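Trainee: If you count by mature numbering (1 follows the signal peptide of the UniProt record, and there is no 0), then the sequence shown holds residues -24 to -1, 1 to 666, one letter each, in order.
No residue lacks a Cβ here, since even glycine has one placed at the ideal position from N, Cα and C.
Since the model is a prediction, treat every value here as computed from it, not as a measurement.
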Amino acid sequence: MNVKIHQKLKNVLKVALLSATFFAVGVTATNTGANADDVSPAIYNSPNGQKGSTVTGNFSEAEYFTLGADKSNNLSQMNPSDGWSASKTTSIIDAGKYLTLSQSTNDPVLYLHYAITNTSDADQEVHRIVTLPYGLAGNTAFSNLFSRQLSSQVVYGGTTPVQLKLSSNGGSTNDSSFVVQYAYDADYGSSEFLPSHSRQIVDLAIDGTLHGKQTMSIDIPLKIVKNSDDVLTAGPITSVDDIPNNGYSTTSPSAVLVYDTDNQHLYIASMFVLLAQYQNITTTTSNKYLVSYKNADGSYSVANDLESLLPGIKDSHGLSIADFGQDVHTSAANDTYLYSGGQYSVNTDNVIGTNGKNLTTMATENGYKLPSKVLDFSWDYKPSADIAQLMNKNGLGNINIPVIKIIDANDVTIKQGDTWNAKDHVKILDDNGNVVSNPDVKVVSDNVNPNVPANNYKVTYSYKSGDTTFTKTINVTVLGKYNPTPTPNNNGGGSSSTTTPTTNSNSTNNPVGNGNFNNGSTTSQPAVPNYAAVKGSAVYATKGIYMYKNANFKKSQRIAKYPKAKRVNRPMFVVTGYARSTNGTLRYKVRDVNHGKKTANKVGYITANREFVVNVYYKTMPKNKKITVIANKGVNSYKNTNLTKKSKHFKKGTHLTVKKIVKHNLTTRYQLSNGHYVTGNKKLVIQGNY
């Protein structure tokens, strides 16, 4: 092909729609972590978009972008127009991938491609003008349609002239002569390609003749540079922060063909593509939704009983993504990947589990309440640090569905001959995770026979709150007298109840509310009520009690007497085990830890009745986030949760503001607003202002 560089095109910018490669959104994305099985494209085309060629008279024309090695991204179907109307954009260039590719080579990685085919057998004249994004930056007529600042940063990216290519398509093989003229943003007295001023090219005019069935194509290299007063010396962008955040515009136009007034040239308008960053949310992932609930102590737990019923997001459905301004609650929100500027929504009615039921139903049948069946998120939604720590691990994705645990009941293992009372193994929680006093919980079914060993007993609880009835079914195993303790089957978000005491249903080995989770998998528990104090933890007596030699309390068996005392002087014990009296009443086996007292280090049994004995350490946050120092000698704050590196002393009566409660072994600490820690011991501090 003979390609000639002719004299400067006269006044080719007299009407300014011309050809703008449109970049509408530049952002700093909130990235919640990459999913290994989520491979987003370099250039994303919405299923709602129009792609392919456009027929205008005897011509079939196409214009599209490519990024990197992928040359299959046809981004627009150009719509002939005699005005300035255009459909909105339906394609996105991934800003993050552009950065990665552009920083790996000195060669251009972003190209604008234009191709025109003569569909007839006769020769046809071609007169086309392709205007680069930089050429539209100075035009105010279309400032509402694209980011003028960003357009000024998208410049010609090559150091040599463009090369026109011909293909015969089975038609004429005769060579065709075309003229390419370059226009710049300053008058350099030439329409030839000027390497030292290539960044200042505003458009290319292409004139020539196409023989029958021939195709002429052109590949225009582009580069994105930093915003600068001197485009010739501007460096390449090095982060998405170098891209102006113009906000998403639903009026962003797609490509159009527009005739000029004398009908001699057809302007190639390519204002159709967004530049945005992938947010690692996709409908194609095999990861699951993260279903979590908040405990009263501020920690979060995974609702394992619900998680076990969910397949991957791509199979369980329910996720809708809208990148181009669609209503996210309609079928039009059918995008595959979420980009900056978009929205996404989860409808739990449409999230289908492996049992064929939707998540809305599964939640109520497992004792959970959904705050809402439809959860809407913006692209820049940031989960809390606590939630984010569990995302993209253990098969979980980065979409969190919050639920509220109402019925707290877990699988139980007892020994043959143990006393069985189903209501000893269930708690009802309010919306804040606190235990409800005297709830009207019903045992719908209970086939447990504690005298017959079996591992398939079922107990179902029911509780009505408002118009909703919640249910929960647990498994009960009765061990034979010589059977070993089995590994529990944990179906809930808390722990299972078995015969070896280590923790209760809301406890965790992780710091509470400090960016850590209870993943619902804990060690076993004895056959004791959920309210029972954990083995190894401290309790104190709120009323007068006695210590006895064994679990059957008799006056003659008393070891020590503990009169009712003021809060700061209440007698303390460490729970070392459990026992039941012959009538089934639960007792704590304890060690006296009242140092300096005559009873110190005595071992025996005390009541487990919550009216008389409770935990020494707080497990919840105060409602007003205030605590008061009540210890006569005051308390110290420390830099570490193990109460080392003393930072300050607080006298009795001091009011402190706390921001979270943190679990340390079997005790708790309150974290102050400055990040330091004080004890959560009820003998030393009290919740509220006093």
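1) Taking Cβ positions, are residue 71 and residue 39 nearer each other than 9 Å?
2) Determine, using beta carbons only, whether residue 180 and residue 266 come nearer to each other than 9 Å.
3) On a Cα-Cα basis, can you pick out the residue from 312, 512, 260 and 278 that is closest to residue 292?
4) With DSSP run on the structure shown, which of helix, strand or coil describes residue 53?
5) Classify residue 577 as buried or exposed, calling it buried when 16 or more other Cβ atoms lie within 10 Å of its own Cβ.
6) Considering only the alpha carbon of each residue, which of 623, 543, 597 and 601 lies closest to residue 590?
7) Under 9 Å, do residue 106 and residue 186 count as touching if we go by C-beta distance?
8) Flag this pair as yes or no: are the beta carbons of residue 380 and residue 345 separated by less than 9 Å?
9) On the three-state DSSP scale, how would you describe residue 192?
10) What does DSSP give as the partner residues of residue 657 in its beta bridges?
11) Would you kindly check if the distance between the Cβ of residue 342 and the Cβ of residue 445 is under 9 Å?
12) Quick check on residue 619: does DSSP put it in helix, strand or coil?
13) Pull up the DSSP beta-bridge partners for residue 550, would you.
14) Hey, could you find the ends of the alpha helix (DSSP H) residue 91 is sitting in?
15) Ignoring anything shorter than 4 residues or poking outside the segment 317 to 376, list the alpha helix (DSSP H) runs there in chain order.
16) What ranges does the beta strand (DSSP E) occupy inside the segment 374 to 445, keeping only unbroken runs of at least 3 residues that lie completely in it?
17) Pick helix, strand or coil for residue 545, following the three-state DSSP scheme.
18) Going straight from the alpha carbon of residue 354 to that of residue 256, what length do you get?
19) What separation, rounded to the nearest whole angstrom, lies between the Cα atoms of residue 164 and residue 80?
20) What residue range is occupied by the uninterrupted alpha helix (DSSP H) comprising residue 614?
21) By Cβ distance below 7 Å, which residues in the same chain neighbour residue 419 in space, the five residues on each side in sequence not counted?
22) Check whether the Cβ atoms of residue 637 and residue 407 lie closer than 9 Å to each other.
23) Between residue 581 and residue 563, how many whole angstroms is the CB-CB distance? I'm expecting something under 8 Å.
24) Residue 334 to residue 68, Cα distance in whole Å?
25) Between which residues of its own chain and residue 643 is the CB-CB distance below 6 Å, once the five residues before and five after are set aside?
26) Roughly how many whole angstroms lie between the Cα atoms of residue 664 and residue 351?
27) Tell me where the beta strand (DSSP E) around residue 74 begins and ends.
28) Could you round the C-beta distance between residue 662 and residue 604 to whole angstroms and report it? I think they count as a contact, below 8 Å.
29) Exposed or buried, what is residue 174 when buried is set at 16 or more other beta-carbons lying within 10 Å of its beta-carbon?
30) Quick one, which of 417, 660, 653 and 433 has its alpha-carbon nearest residue 441's?
31) Are the CB atoms of residue 310 and residue 321 within a distance shorter than 9 Å?
32) Indicate the three-state DSSP secondary structure (helix, strand or coil) for residue 171 in the structure shown.
33) Look at residue 670 and residue 96 and say whether their C-beta atoms are less than 9 Å apart.
34) What does the Cβ neighbour count give for residue 283, buried or exposed, with the cut at 16 atoms within 10 Å?
35) On the CB-based measure, 16 or more other CB atoms within 10 Å of its CB, does residue 511 come out buried or exposed?
36) Indicate whether residue 453 and residue 439 have their beta-carbon atoms separated by less than 9 Å.
Mentor: Quick look at the numbers:
1) Sequence index remark: in the sequence shown, residue 71 carries index 95 (1-based). Sequence index remark: in the sequence shown, residue 39 carries index 63 (1-based). For residue 71 and residue 39, no; Cβs fall outside 9 Å.
2) Here the question's residue 180 lines up with position 204 in the sequence shown. Here the question's residue 266 lines up with position 290 in the sequence shown. Not a contact, by the Cβ cut-off of 9 Å.
3) Your numbering for residue 292 matches position 316 in the sequence shown. It is 260 whose Cα lies nearest to the Cα of residue 292.
4) For the purposes of this step, residue 53 is taken as residue 77 along the sequence shown, with counting starting at 1. Confidence at residue 53 is low in this model, with a pLDDT of 45, below 50, so its placement is unreliable and no value can be given for it.
5) The residue you call residue 577 lines up with position 601 of the sequence shown. Exposed, since its Cβ has fewer than 16 Cβ neighbours within 10 Å.
6) The residue given as residue 590 occupies position 614 in the sequence shown. For residue 590, the nearest C-alpha among the options comes from 543.
7) Against the sequence shown, residue 106 aligns to sequence position 130. Against the sequence shown, residue 186 aligns to sequence position 210. The answer is no: Cβ separation not under 9 Å.
8) For this step, residue 380 is matched to residue 404 along the sequence shown. For this step, residue 345 is matched to residue 369 along the sequence shown. Closer than 9 Å, so yes.
9) By one-based count along the sequence shown, residue 192 stands at place 216. In this structure, residue 192 counts as strand in the three-state DSSP scheme.
10) On the sequence shown, residue 657 is found 681 positions in, with the first residue counted as 1. Paired residues: 593.
11) By one-based count along the sequence shown, residue 445 stands at place 469. By one-based count along the sequence shown, residue 342 stands at place 366. No, they are not a contact pair.
12) Taking the sequence shown and counting its residues from 1, one reaches residue 619 at position 643. Three-state result, residue 619: coil.
13) Translated into the one-based positions of the sequence shown, residue 550 becomes position 574. Paired residue(s): 514 and 567.
14) For the purposes of this step, residue 91 is taken as the residue at position 115 of the sequence shown. Note, residue 91: premise wrong, no alpha helix (DSSP H); beta strand (DSSP E) at 86 to 94.
15) 335 to 341 and 361 to 364
16) 388 to 391, 418 to 422 and 430 to 441
17) Here residue 545 refers to the residue found at position 569 when the sequence shown is read from its first residue. In this structure, residue 545 counts as helix in the three-state DSSP scheme.
18) Reading the sequence shown from its first residue, position 378 is the one you call residue 354. Reading the sequence shown from its first residue, position 280 is the one you call residue 256. So the two alpha carbons sit approximately 13 Å from each other.
19) Residue mapping note: residue 164 aligns to position 188 of the sequence shown, counting from 1. Residue mapping note: residue 80 aligns to position 104 of the sequence shown, counting from 1. Cα-Cα distance, rounded: 33 Å.
20) Counting from one through the sequence shown, the residue named residue 614 turns up at place 638. Counting along the chain, residue 614 falls outside any alpha helix (DSSP H), though it belongs to the beta strand (DSSP E) covering 611 to 614.
21) The sequence position of residue 419 within the sequence shown is 443, counting from 1. Closer than 7 Å at Cβ, skipping near neighbours: 398, 399, 435 and 437.
22) For the purposes of this step, residue 637 is identified with residue 661 of the sequence shown, where counting begins at 1. For the purposes of this step, residue 407 is identified with residue 431 of the sequence shown, where counting begins at 1. Cβ distance not < 9 Å, so residue 637 and residue 407 don't count as in contact.
23) Counting from 1 along the sequence shown, the entry for residue 581 is found at position 605. Counting from 1 along the sequence shown, the entry for residue 563 is found at position 587. At roughly 5 Å, the Cβ-Cβ gap stays under 8 Å, so residue 581 and residue 563 are in contact.
24) In the sequence shown, residue 334 corresponds to position 358, counting from 1. In the sequence shown, residue 68 corresponds to position 92, counting from 1. If you take the alpha carbons of residue 334 and residue 68, they lie about 33 Å apart.
25) As a first step, residue 643 must be located in the sequence shown, where it is residue number 667. 593, listed in sequence order.
26) Here residue 664 corresponds to residue number 688 of the sequence shown, with the count starting at 1. Here residue 351 corresponds to residue number 375 of the sequence shown, with the count starting at 1. Computed Cα separation, rounded: 35 Å.
27) Looking up residue 74 in the sequence shown gives position 98. Residue 74 -> not in any beta strand (DSSP E); alpha helix (DSSP H) instead, spanning 71 to 78.
28) The residue given as residue 662 occupies position 686 in the sequence shown. The residue given as residue 604 occupies position 628 in the sequence shown. Contact holds; Cβ gap of about 5 Å.
29) Numbered from 1 along the sequence shown, position 198 holds the residue referred to as residue 174. With 16 or more Cβ atoms within 10 Å of its Cβ, residue 174 is classed as buried.
30) Taking the first residue of the sequence shown as 1, we reach residue 441 at position 465. Residue 417 is the option with its Cα nearest to residue 441.
31) As a first step, residue 321 must be located in the sequence shown, where it is residue number 345. As a first step, residue 310 must be located in the sequence shown, where it is residue number 334. Going by C-beta atoms, residue 321 is not nearer than 9 Å to residue 310.
32) Mapped onto the sequence shown, residue 171 falls at position 195. Three-state result, residue 171: helix.
33) With the chain covering -24 to 666 only, the question about residue 670 has no answer from this structure.
34) The residue given as residue 283 occupies position 307 in the sequence shown. It is buried - the Cβ of residue 283 has at least 16 other Cβ atoms within 10 Å.
35) As a working note, residue 511 is residue 535 in the sequence shown. That one is buried.
36) Position 477 of the sequence shown, counting from 1, holds the residue named residue 453. Position 463 of the sequence shown, counting from 1, holds the residue named residue 439. No, the Cβ-Cβ distance between residue 453 and residue 439 is not below 9 Å.
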